[in-house]
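**Q** Anchor point for the sequence shown: position 258 equals 1143 in my numbering, and the numbering is continuous, going up by one each time. Where is the CB? At the ideal position from N, CA and C, for every residue including glycine. Because the structure is a prediction, the values reported are computed rather than measured.
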Amino acid sequence: MAIDLAKVTGADKAAEAKAAKESAPKIANGMDKDAFMKLFLEQLKNQDPTAPMETDKIITQTAQLTQVEMQEENKKAMKEMVNSMKVMQESNEEFKAFQETLKETMDKLSSGIDSSVEASGQMSQASSFQSVAMVGKIAETDVSGVNYAGEGKTSFALYFDEKIKADSGTPVIQIFDEDKRLVRTISLKDRNGEGGYLDFSWDGLDDRGEQMPQGSYSIQAEYNLNPKTNQYLNTRVGRGEIQSVLFDKGKPLIRMGELILPLSAAMEFYDKHVE
């Protein structure tokens, strides 16, 4: 580590003392107050006892010393006040700049919020138009059955794209439990010539007449067997024609027969089959 010779020799302290002495206020003939005080004390100590220093001279010299000290204190106070005012001015300018920056930021934020609200409104309006355009289309939703309470009857509706032809195969409704096991088959022979949304009910019994427990049951139907392809038309609960679009607090709902679902429940849309 380097050795500071100024500290070792005391040169640094001597320099500081010299600088302080040079900056000290002067009284007369270039003397500072310390030199003046020493000279004043020497005069008192070495004065002729038979002819002491006159009182008016002592008062004059003391007043001169006091005046210089007051000037020094005033000068120091003024300097501190000037520095304080300078700091305050700089602080005010910084605060003013901060206020301007904050205002610009708030203006940008407000503009961004307004743009976001406008964009949201436009998107909502576009979504509404799109939702209304879905009326008349067939929707496949995530609803596929009913929740049975374990007693009594439960009602449901199925949508038939074509009128039921009782003599085309064996049209039936099929009810499955949560394990996908077929528990009940209901004939559609008595609904010949009917189409669109049709209402049904299930008494909760299986094909053996036993009461089914509480739970979720999926329901589907097959009807109108095609003799060329040997395939039935199919439909299920949660599938059907969108009859209208409702709005609840701005959120679109689709009505399918007696079933009203949020638009988000729809998984697929397609055009209605025309016979």
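So, using beta-carbon positions, are methionine 1019 and isoleucine 1145 closer together than 8 angstroms?
**A** no
**Q** Which whole-angstrom value describes the C-beta separation of alanine 1106 and isoleucine 1139, a residue pair presumed to lie in contact below a C-beta threshold of 8 angstroms?
**A** About 21 angstroms; that fails the 8 angstroms criterion.
**Q** Quick one: grab the DSSP three-state call for aspartate 1027.
**A** Coil.
**Q** How would you call tyrosine 1044, buried or exposed, if buried means at least 16 neighbouring beta carbons within 10 angstroms?
**A** buried
**Q** Count the other C-beta atoms from every protein chain shown that fall within 10 angstroms of the C-beta of valine 1112, then say buried if there are 16 or more, exposed otherwise.
**A** The amino acid at residue 1112 is misidentified as valine; the sequence shows proline. Its Cβ having fewer than 16 others within 10 Å, proline 1112 is exposed.
**Q** For the stretch 1147-1154 against the stretch 1020-1033, do three or more pairs of beta-carbon atoms, one drawn from each stretch, fall closer than 8 angstroms, so that the two count as touching?
**A** yes
**Q** Helix, strand or coil for alanine 1150, going by three-state DSSP, please let me know.
**A** helix
**Q** At the level of alpha carbons, what is the spacing between proline 1056 and methionine 1141?
**A** The alpha-carbon atoms of proline 1056 and methionine 1141 are separated by roughly 22 angstroms.
**Q** Terminal residues of the continuous beta strand (DSSP E) containing threonine 1120?
**A** 1116-1121 is the extent of the beta strand (DSSP E) around threonine 1120.
**Q** With distances taken between CB atoms, is the gap from isoleucine 1049 to isoleucine 1104 smaller than 8 angstroms?
**A** no
**Q** Would serine 1101 and glutamate 1063 be called neighbours here (beta carbons separated by less than 8 angstroms)?
**A** yes
**Q** Put alanine 1034 into one of helix, strand or coil per three-state DSSP.
**A** coil
**Q** Which word fits glycine 1078, buried or exposed, when buried means at least 16 other C-beta atoms lie within 10 angstroms of its C-beta?
**A** exposed
**Q** Can you name the start and end residues of the beta strand (DSSP E) that lysine 1157 belongs to?
**A** For lysine 1157, no beta strand (DSSP E) segment is defined, and its DSSP state is neither H nor E.
**Q** Just verifying my parser: in three-state terms, what is the DSSP assignment at arginine 1076?
**A** helix
**Q** Less than 8 angstroms between the CB atoms is what I'm expecting for aspartate 1091 and valine 1068, so what's the real figure, rounded?
**A** 4 angstroms
**Q** To which residues does DSSP link proline 1137 through a beta bridge?
**A** Phe1132
**Q** In or out: glycine 1089 buried (at least 16 other Cβ within 10 Å) or exposed?
**A** buried
**Q** Would DSSP call glutamate 1095 helix, strand or coil?
**A** coil
**Q** With a threshold of 16 other CB atoms inside 10 Å of the CB of phenylalanine 1132, please say whether the residue is buried or exposed.
**A** exposed
**Q** Looking at leucine 1110: is its Cβ nearer than 8 angstroms to the Cβ of serine 1040?
**A** no
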